[in-house]
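A quick write-up on the structure given underneath.
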Amino acid sequence: MRSQILFHPQLRSLFPRGVRRDLNSRLFARLKTTQTPFRLSKNETPSLKPKENNVTAQRSSTQSTTAHAKEAIRRGPPERILIYHGGTGKVVFLGTLRITTMFLFGVSVMVVAPAFASDEFPWYLAPAVALAGAIPMLFVAYTSAPFVNFVHLALPMAARRSNDQITQYAKNLPPTATLYINTMKFTTIPRQTEVRLGDLVPDKTILRPVSFRNKNPAPLPWWAGKTLRQFYTEKKSQRGRQSTKFYPELWEHVYKQIQNTYPPKK
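Here the sequence shown stands for residues 1014 to 1279, numbered as in the working numbering.
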């Protein structure tokens, strides 16, 4: 309050010139140095703020372009398409049947056979029980091995542009076209076999259902087992879940092309 009274112009006029000079040189000069810095109003913006806005705008634009590129890649044509579905019910039934026969074999070997391994029964009865428990498992594993769960077709770059080009390519496949045939192993684990269309020829057997076989199977290491050569599929694919990568209507053309390679052996 005292400083405000001294600043009053009427009061300063009463002082002599010497006192007024001292006040101007000492007090008012000190007050000027201790004044608060200049603040911008709410409507004004600093000169550096537009630069920050430009940086954030550039970052947002780059992020949007990368996101758009990722979406374009995801929405682009697939490298493989599903052309055959064996049927969910059949796949589940065969898997359950295999597991059941394996469980039956385990019970016969670990529970039933040891019960007959005594002096009260003949010596050959226990091995016969174990062998009888293994027969259903081996029979189901052998007869159901050629059953095909899925078949995928690899598409070249020229056939990935539209659905019409995919259809035209699948209706007249070259011999070098690649198919990925999905079957089931002995332990119900999925197994994928890569084959060429030109290597598939029609085939039939008496012991198990077979539609075609691979005449040039790829060699496998000794620990991986034998390469599956015979496959069984129906003429038409089952209708599964709708998807942009599922073309069940194309399997009929591929199946006819395989069967027309040359007549099966007698």
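All C-beta atoms, glycine included, are put in the ideal place defined by N, C-alpha and C.
These numbers were taken from a predicted model, which means no experiment stands behind them.
Assignment of beta-bridge partners to Thr1180 by DSSP yields no partner. In this structure, Arg1221 lies away from Thr1180, with their beta-carbon atoms at least 7 Å apart. If you draw a 10 Å sphere on the C-beta of Thr1114, you find 16 or more other C-beta atoms in it, and that means buried.
Arg1242 and Arg1252 do not touch by the CB rule: their CB atoms are close to 29 Å apart, not below 8 Å. For Phe1116, the secondary structure class from DSSP, reduced to helix, strand or coil, is helix. 7 Å or more divides the Cβ of Gly1146 from the Cβ of Leu1192.
Between the C-alpha atoms of Val1161 and Gln1272 there is a straight-line separation of about 16 Å. In this structure, DSSP gives Tyr1260 a state outside helix and strand, which the three-state scheme calls coil.
In this structure, DSSP gives Ala1167 an extended state, which the three-state scheme calls strand.
Scanning its chain for C-beta atoms nearer than 7 Å, with the 5 sequence neighbours on each side dropped, one finds around Val1153 the residues Leu1110, Arg1111, Thr1114, in chain order.
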